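Heads up, the final residue of the sequence shown is numbered 316 in this note's numbering, and it's a clean run with no missing numbers.
Virtual Cβ for every residue (Gly too), placed ideally from N, Cα, C.
All figures in this text were calculated on a predicted structure; none of them were measured in a lab.
Here the structure is laid out as structure tokens; the discussion comes afterwards.
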Amino acid sequence: MRRKRVLVTGGAGFLGSNLCDRLIADGNDVICVDNLFTGSKDNIRHLLGNPYFEFIRHDVIQPIFVECDQIYNLACPASPLWYQKDPIYTTKTSIYGAFNTLGLAKRTGARILQTSTSEIYGDPECNPQPESYRGCVNTIGPRSCYDEGKRVAETLFFDYHRQHNVDIKVMRIFNTYGPRMDIGDGRVVSNFIVQALKGEDITIYGDGSQTRSFCYVDDLIEGMVRLMNSRDGFTGPVNIGNPGEFTIKELAEIVIELTGSESKLVYRDLPVDDPTQRRPDITLAKKELNWEPTVHLKKGLVSTIAYFRELL
Ligand code: NAD
Ligand code: UDP
């Protein structure tokens, strides 16, 4: 049997590079497409000499012509700091990126997986959030470029499925952390760890009572690969995340405990439209993918802290 040719857009990013590692280990022929907007060659350096790994520097806003059997579409900045730097470009990446990868799937007959997000639920009015919840999203705020871009991408996936019979899988990812997050990424887990290791103040936005549910990267990648290889006809959307829910203040305290840092907690303004709570209902993932996370927050943080300690 020939190796599967698998295209990963955003493959030099945090999740993408961890996915490329997994796909190579599973014996696939991997094509990584990335414009290095937030990703880095350092994340894939160890794969560059492998004959079954190719890197193409390319912007998904432009069409791409390759032959492949599966497509994972991850290209899009995911950190609020980065997706708000050039919001128009973020929306373009989500929407044109969806058009171009779906067009490729239509031509090649490849199965295609979209990495959607819990952000499509906005500031949710129910907790936990099941896939049936339609969300509470501001269309005109600073987070809208990302939230609405991802919502339209979901719409495009389902329209290509209905209209052209494209074989789609849609995954709604909740906050995920782990090795290969960029030092300057700006998301909460990497910020707190880097601040704690450097002995700098830990910046809590708002009063720290807002909650998030943190999934370790290895669990997330397992869920992603299971979804890609799930039964014909199962499209999702499906939530993938860890239902353990923590306040941001609790997260800061755990990071201080695990690093042994003397850093102090300081409070900064809460960003506009920052969701107050987030926790996945993973009933569907359990049923369809036989998936649930296995790595507890403290254990995942220990590995992530070790990664950043080495880097610093
Ligand atoms: P990341 O920023 O580390 O990775 C994104 C990658 O996409 C980077 O390598 C970047 O250079 C690349 N990219 C951005 N715009 C591009 C473009 N126009 N053309 C080509 N490449 C481009 O973020 P991540 O955490 O690895 O997220 C990966 C995907 O998962 C994103 O689509 C994100 O929305 C989604 N997601 C992630 C999380 C999470 O907690 N990590 C949560 C929800 C959804
Ligand atoms: N946050 C914080 N300090 C930081 C970075 C983030 O308190 O240095 C908060 C942020 O306001 C949000 C939560 O942590 O309530 C998660 O933020 P992140 O940027 O990781 O992702 P989000 O879930 O908001 O997309």
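With a cutoff of 6 Å, D278 counts as near the ligand UDP, since its C-beta is closer than that to a heavy atom of the ligand. Per DSSP, Y125 lies in no alpha helix (DSSP H) segment and is marked neither H nor E. A direct Cα-to-Cα measurement between G17 and C36 gives close to 10 Å.
For I225, same chain residues with a beta-carbon under 8 Å away, outside a window of 5 residues either side, are L19, N22, L23, R26 in chain order. In the DSSP assignment, V198 falls within the alpha helix (DSSP H) that extends over 192-202. Put simply, the segment 55-74 touches the segment 102-112. At least three CB pairs are less than 8 Å apart. Going by DSSP, N77 is part of the beta strand (DSSP E) stretching over 74-77. P146 is a Cβ neighbour of Q88, given a cutoff of 7 Å. Cβ-Cβ distances below 8 Å link E158 to Q118, S120, I124, V174, P241 in the same chain, with the five nearest sequence neighbours on each side left out; the list follows chain order. Residue burial annotation: R272 is exposed, with fewer than 16 other C-beta atoms found within 10 angstroms of its C-beta. Distance from the Cα of T251 is smallest, within the candidate group A102, G113, T42, D211, for D211. DSSP places T207 outside any alpha helix (DSSP H); the residue lies instead in the beta strand (DSSP E), whose first and last residues are 206-209. Assignment of N104 by DSSP, reduced to helix, strand and coil, places it in the helix class. Pairing L201 with F312 gives a Cβ-Cβ distance under 7 Å. Between the ligand NAD and the CB of N179, the shortest heavy atom gap is smaller than 6 Å.
Taking the Cα positions, R155 is about 20 Å away from H168.
Proximity of the beta carbon of N39 to the ligand NAD is indicated: a heavy atom of the ligand is located closer than 6 Å. Rounded to whole angstroms, the separation of the alpha carbons of I177 and S83 is 13 Å. Closer than 6 Å to some heavy atom of the ligand UDP: that describes the Cβ of V192. Around the CB of D223, 16 or more other CB atoms lie within 10 Å, so the residue is classed as buried. The ligand NAD never approaches I99 closely enough for any of its heavy atoms to be under 6 Å from the residue's Cβ. According to the DSSP assignment, L27 belongs to the alpha helix (DSSP H) that extends over 18-29. Around the beta carbon of G14, 16 or more other beta carbons lie within 10 angstroms, which makes this residue buried.
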